[in-house]
Amino acid sequence: MINRESFVGLQGQSEAGSDGSNRRAVDSFIRFISSISKLDKPLVAETVDDVSSNTSICESETSVEHVATTAPAASTTTATTITPTAETGSSIYRTFIASITGEITTDQTNQPVPSTTTSSSQEPTIGIMNVAKVEYAFKQLQKNLKLITKQAPDLYQLKLVLDSLDTGAAMELRQNHLITIASKIKSRYKIGKLPIFDEIIAGNVKFSLADLTKLETQLENEIIPPLVVNCLENEVTTEKVTLPPLPPLQDPQIESTVFTHKSYINNNRPDPSPPPGQGKYLINGHNERLEFLGDSVLNSLVTLIIYNLFPEATEGQLSQIRSDLVNNKTLGHFSLAYGMHNRLKTLITDLKIAPDQKLFADVFEAYIGGLALERDLIELDDIRAWLEQLYTPMLDNIRSTYIKPPIDREAKTQLYSMIGRNEVHPQYRTVQQGNPVTGKDFIINCTMDGELLGIGSGNSIKEASLRAAMDALAHESQLEKHYLARQEIELPIRKRRNELKELKREEKIKQFKLQQQKQEEEAEEFGELPPPSPIRTSYFPLEPDYTIPLDNEAKNELYASIGKTARTQPTYIVSKTGDNKHIATLKIRGITITSASDSSKKKAMSRAARTLLNHKEAMYEISKSF
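By the count of my numbering, the sequence shown reaches residue 606 at its end, each step adding exactly one.
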């Protein structure tokens, strides 16, 4: 008996590597279920900002939401009033985020260029390549489910295997998370909790009228937000982006220092003897020291954020990500978006309001330095939480830029199954040799019939070729013509194959009918044959034992016993040999039981009857009732 304690080691294990077919089957099964679940995402409405007065043209068709974020009030002590020459506040932030995520583009004059993107989340469409991918996924699902249900061990079998292995091998198998999952799936399948598996394997999934009613009810209850329709050519459509609240500075002295530029101090130098307790803020009187502190704090907090957010990233990738997050242009955008330029005290008169001005990045770093100083550089959790919210739109885009997706080891197989054929199929050509020592990646092009389908890079040729296939699969529009070309060639072949299969099926039916007709004719001629017997005929014929005494009552005893249990009677066929002996062959139910010889017919029949009576197992078999 296996109890709960026997399986403690099989629960909650961390995933370990395994190259077995069971692992690949479980991987494919999980990927398929994940891909199906992604089709249930609802549509998300977009918003349009800065819409012109002509919006009324489409008001009857769509609703327009204006996005605005109020920046902190401008300081009343600024020496020079700076008039913005470009969009400010939250619109700068939205434009910046949209530009790095590819939703809108900007020309050299920083004027928005209309985007062709109309929706950031659309209903999944069933196109040609979608059909091909679903077909491939279903075939893989059938194959993998069949493999798991046939070859995977159940939990009981896995326990027996673990007990029979040595410590090292057992530990390795126990830590194989995928084998454990496969054994649990097999166990649930064996106890009848996964009947859908048999339907999938057989290609005959049942869907009742009651199921259809439930599906219709679910669709009726789903609320799909309306999409915003672009009616004007000069509209810029982007996602709704709002700035997280700026943590306030509580100390007026720190706040004043944050927004004081060095140029302002040169002509307005403070008293060289600051008030007691305020010297640490007013040394030099400008924000450069706070900028220095803020730069260090920002780097540390951003490092912690991305270190936890991207556990799969390398040291080099983390450095690139951090550089993008804390460079002057990014911080300048944040500074302008929060309106910090309006509060800055400076004597620079020809200052251009643009994100690439280092001065605006400096004041943003100084602000973070001021926040950290107020907290004595200890309690920085609220600053980190604010930065995480502020960087979220960028982090989502950075993940796709720097972090490679997991390798799909079925990518090349899937690509070939969709567009490949004997004459023309995907080719993989190395265009750059890698060097594991220097960290230089291999680069491989995936082409077909002279057309570039995808490019992949990796630290090995195998990884690079798989990523090239993954890249090709991501560009569905390129694959459509190859898929259609394959279908055009294979359709007549498939049609002919189906015709031959149908001819073979008809021939089998014809042969079966002829055989059935022949059996019916034989039955009419010879009478009905007895049904197949459940008797184990391997016992017969029995060898007679001539050493036992002759029993003249054996024949009557056998007659009574067989007649009572089997409702039939023994039959004796007697023949005479050349030496004047008689051979009696005993038959019951058409089965030859034994043959015995003696000097007379009676003695030979009695000896044959006694032979069967003395063999208890044979007597039981021949007396079965059916």
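Backbone N, C-alpha and C define an ideal beta-carbon position, used for all residues, glycine too.
None of the values given here were measured: they were computed from a predicted structure.
Which listed residue (the options) has its alpha carbon closest to that of residue i
i, options, result
"P385", "E443, D134 and T545", "E443"
"K583", "L223, I128, L566 and L316", "L566"
"I624", "E460, G430, P416 and H455", "Past the edges of the chain, shown from -19 to 606, lies residue 624, and the structure says nothing about it."
"H455", "L464, L432, E468 and L153", "L432"
"T393", "L142, Y116 and I108", "Y116"
"A228", "A352, Q413 and K119", "First, the residue type needs correcting, since residue 228 is Pro and not Ala in the sequence shown. Selected option, being the one with the closest Cα: A352."
"S555", "N532, S579, L281 and I573", "S579"
"G570", "E468, I553, T294 and G558", "I553"
"Q120", "D146, E487, S163 and I180", "I180"
"L284", "N536, G265, Y371 and I333", "Y371"
"Q412", "I301, L483 and S437", "S437"
"A448", "N532, E504 and D388", "D388"
"G183", "I542, P175 and L189", "P175"
"D361", "L327, R379, S280 and T294", "S280"
"M109", "L494, K461 and Q496", "K461"
"L464", "K332, L357, N307 and M398", "M398"
"A589", "K498, L538 and S577", "L538"
"N308", "F344, E501, Q458 and N560", "F344"
Distance CB(residue i)-CB(residue j) smaller than 7 Å
i, j, result
"G350", "L270", "yes"
"Y408", "I424", "yes"
"L612", "L375", "Absent from the model: residue 612. The displayed extent of the chain is -19 to 606, so no value can be given."
"I568", "I602", "yes"
"S303", "F340", "no"
"P529", "R587", "no"
"F177", "L125", "yes"
"V598", "Y519", "Checking the displayed sequence, the identity of residue 598 turns out to be Ala instead of Val. Yes. Within cutoff."
"G274", "I348", "yes"
"K581", "H562", "yes"
"I328", "S243", "yes"
"D429", "V404", "yes"
Status (buried if at least 16 other CB within 10 Å, exposed otherwise) for residue i
i, result
"A540", "exposed"
"S575", "buried"
"G172", "exposed"
"E83", "Confidence in E83 is poor, its pLDDT being 43 and thus under 50, which makes the residue's placement unreliable; the coordinate value appears in the next sentence. By the neighbour-count rule (16 or more Cβ atoms within 10 Å), E83 is buried."
"T381", "exposed"
"R401", "exposed"
"K260", "For K260, the pLDDT reaches just 47, beneath the cut-off of 50, and the residue's location in the model is therefore unreliable, although a value from the coordinates is still provided. Exposed: under 16 other Cβ atoms inside 10 Å."
"P550", "buried"
"R477", "exposed"
"K325", "buried"
"T557", "exposed"
"P104", "Bear in mind that the predicted position of P104 carries a pLDDT of just 47, short of 50, making it too unreliable to give a figure here."
"Y600", "exposed"
"S144", "exposed"
"V185", "exposed"
"P472", "exposed"
"G148", "exposed"
"M585", "buried"
"I489", "exposed"
"R485", "exposed"
"G296", "exposed"
"I607", "With the chain running from -19 to 606 in the structure shown, residue 607 is simply not present."
"V282", "buried"
"V306", "buried"
"E390", "buried"
"D342", "buried"
Supposed close pair residue i, residue j - CB separation, criterion 8 Å
i, j, result
"P240", "N267", "Here residue 240 is Thr; the residue named in the question, Pro, does not match the sequence. Right, their Cβ atoms sit about 6 Å apart."
"E354", "D451", "Actually they do not touch by this definition, with Cβ atoms about 49 Å apart."
"E292", "I383", "6 Å"
"A346", "V238", "5 Å"
"L278", "F290", "Rounded, the Cβ-Cβ distance is 18 Å, inconsistent with contact."
"L140", "L153", "The Cβ separation is near 12 Å, so there is no contact."
"I607", "L592", "Residue 607 lies beyond the residue range present for the chain, which begins at -19 and ends at 606; the question has no answer from this structure."
"H595", "L480", "Going by Cβ atoms, the distance from H595 to L480 rounds to 55 Å, so no, they are not a contact pair."
"L138", "S163", "5 Å"
"I165", "I128", "6 Å"
"A564", "S605", "Incorrect: roughly 26 Å between the Cβ atoms, too far for contact."
Residue i: CB within 6 Å of a non-hydrogen atom of the ligand HEM
i, result
"G430", "Questions concerning the ligand HEM fall outside what the structure shown contains, since it holds no ligand whatsoever."
Any chance the region 364 to 379 sits against the region 221 to 237, with 3 or more Cβ pairs inside 8 Å?
yes
Just checking, does the region 126 to 143 make contact with the region 154 to 173 on the three C-beta pairs under 8 Å criterion?
yes
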